[in-house]
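Numbering (mature numbering (1 follows the signal peptide of the UniProt record, and there is no 0)), first residue to last: -21 to -1, 1 to 207. Each residue gets a CB set at the ideal place from its N, CA and C atoms; glycine is no exception. Quick caveat, the model's predicted, so the values are computed rather than measured. Read the structure below first, then the notes.
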C-alpha cells in the first residue's frame, strides 16, 4: 500500500506547473495573453514516505494574463493531471488482494505581476493544489502564498531567454527556457523546470497510514501563447 500511495502522489505537481517568466505577458491596460500546453519527460523523486517514481497518463495547463497598466498585470494559472493506473498487492485484514487506482491533480494560481524593468518582474500570489485519488487514499490539498522574480532577455528579434525563481512555505519553483515569436500574436515557450513541494499529506485510513512526503519534480514544459 505504501508503494501504491507514493506512486500516485509523485509527479502531480510538476505536471500541473505552468510558466511565470514567459515574455509573452503584456503590461498594457486590457492586453490579454492566453497560454496552453503541457509537460513532457517529467522525472519525480520523493523522500520521507517512500522513494519512488511515477509516470503521467494525461495533463493540461494554461495561463491567462491580463494587463492592468504599464506596470501591473494579473495572471491566473490552471493545470490538471491524471496518473497512469497503478496496481499492487495489498494486505487487507490478513488477505492479499490486488488494488488498482489512480490520482488526479488540479493546481490553481492567482498572481500579481509588477514590472520593475522591461526585463525583470516581481511575482506575488496564492496557489491552491488539490490531489484526488481513488476511493482508498484521502484527498490532499495545499494552500500557499508565494513570491519571487521573473526575468527575460531578448537574444534576437524573435527569441528571448527567460527564468523564474518563486518560493513560499513548503513550495519552490525554478525554471529557465526560451520563447520564440512565431507571429505578431503567437509564441512558443519551452522551459526546463524544477519544482519542490514539501510535507504533502499521504493518508490511507484502511491501512492505518497517516504520513507525508517531500517531492522534487523536474521536466520540460511546452506552452503556446496567443495574444487575444
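Run the CB neighbour count on residue i, radius 10 Å, all protein chains shown included, and call it buried at 16 or more, exposed below.
i	result
residue 50	exposed
residue -10	Any reading at residue -10 must be qualified, since the residue scores a pLDDT of 44, below 50, and its modelled position is unreliable; the value itself is stated next. Under this definition residue -10 is a buried residue.
residue 44	buried
residue 120	exposed
residue 9	exposed
residue 48	exposed
residue 143	buried
residue 110	buried
residue 7	exposed
State the start and end residues of the unbroken beta strand (DSSP E) segment that holds residue i.
i	result
residue 148	First-last for residue 148: undefined, no H or E at that position.
In its own chain, which residues sit with a C-beta less than 7 Å from the C-beta of residue i, not counting the 5 before and 5 after it?
i	result
residue 16	40, 200, 201, 202, 203
residue 189	182
residue 136	none
residue 160	137, 166
residue 134	140
residue 171	154, 155, 156, 199
residue 104	88, 89, 90, 91, 125
I think residue i touches residue j, with their Cβ atoms under 8 Å apart; what is that distance to the nearest whole Å?
i	j	result
residue 98	residue 131	6 Å
residue 125	residue 106	6 Å
residue 102	residue 83	Between residue 83 and residue 102 the Cβ distance is about 27 Å, and since that is not below 8 Å, they are no contact.
residue 158	residue 139	5 Å
residue 169	residue 156	5 Å
residue 54	residue 85	Not quite, the Cβ-Cβ distance comes to about 17 Å (not below 8 Å), so this is no contact.
Looking only at its own chain, which residues have a Cβ that is under 8 Å from the Cβ of residue i, when we skip the five neighbours before and after it?
i	result
residue 163	206
residue 147	106, 123, 124, 125, 126
residue 96	none
residue 184	117
Only counting the same chain, and skipping five residues up and downstream in sequence, which positions put a Cβ closer than 6 Å to that of residue i?
i	result
residue 122	107
residue 100	92, 94, 129
residue 117	182
residue 11	45, 207
residue 87	57, 107
residue 173	153, 197
residue 52	4, 6, 44, 46, 92
residue 149	177, 178
residue 19	199
residue 14	42, 202, 204
Next item on the list: Could you name each continuous alpha helix (DSSP H) segment of 4 residues or more that falls completely within the segment 121 to 194, going from the start of the chain to the end?
Entry: none
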